[in-house]
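K.L.:
According to my numbering, the stretch in the sequence shown is residues 42 to 115, in order.
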Amino acid sequence: MPWQEKIRFLIGQPVGISLTNGQGTSGVLCGTSDRKVLVIEYMYQDQFAMKQYDFYMIQDINGFPPCHNQQPLY
42 MPWQEKIRFL IGQPVGISLT NGQGTSGVLC GTSDRKVLVI EYMYQDQFAM KQYDFYMIQD
102 INGFPPCHNQ QPLY
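(1) Can you tell me whether ILE102 is buried or exposed? The criterion is at least 16 other CB atoms within 10 Å of its CB, across all chains shown.
(2) Would you report the Cα separation of GLY53 and SER74, rounded to the nearest angstrom?
(3) Please go through the stretch 52-87 and give each complete beta strand (DSSP E) segment of 3 or more residues, from N-terminal end onward.
(4) Thinking C-beta only, is GLY72 closer than 8 Å to VAL56?
(5) Where do the N-terminal and C-terminal ends of the beta strand (DSSP E) with GLN112 fall, by residue?
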């Protein structure tokens, strides 16, 4: 399924985004506006930033897999 069709199912979820330049990013998918994908990304400490990626910059978007019930390592 093309990433454009997956977006509506992934809004509000953590996603990984593959960019056409070979880089990638991750964050919570907030939606789209004017052919841009809106993602909240963690910056540092308690700071987050809303980033916008033009559709032409995106190769693929995928939701994070679920965590499996495992014993914590602490």
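In this text, a Cβ means the ideal position worked out from N, Cα and C, and glycines have one as well.
Treat the numbers as computed from the prediction; the structure is a model and nothing was measured.
P.N.:
The relevant details are as follows:
(1) The count along the sequence shown starts at 1 and reaches residue 102 at position 61. Answer is buried; the Cβ neighbour count reaches 16.
(2) Taking the first residue of the sequence shown as position 1, residue 53 is located at position 12. Taking the first residue of the sequence shown as position 1, residue 74 is located at position 33. Cα-Cα distance, rounded: 15 Å.
(3) You should have 55-60, 65-74, 77-85.
(4) For the purposes of this step, residue 56 is taken as residue 15 along the sequence shown, with counting starting at 1. For the purposes of this step, residue 72 is taken as residue 31 along the sequence shown, with counting starting at 1. Going by C-beta atoms, VAL56 is not nearer than 8 Å to GLY72.
(5) Numbered from 1 along the sequence shown, position 71 holds the residue referred to as residue 112. In the DSSP annotation of this structure, GLN112 is not part of any beta strand (DSSP E), being labelled neither H nor E.
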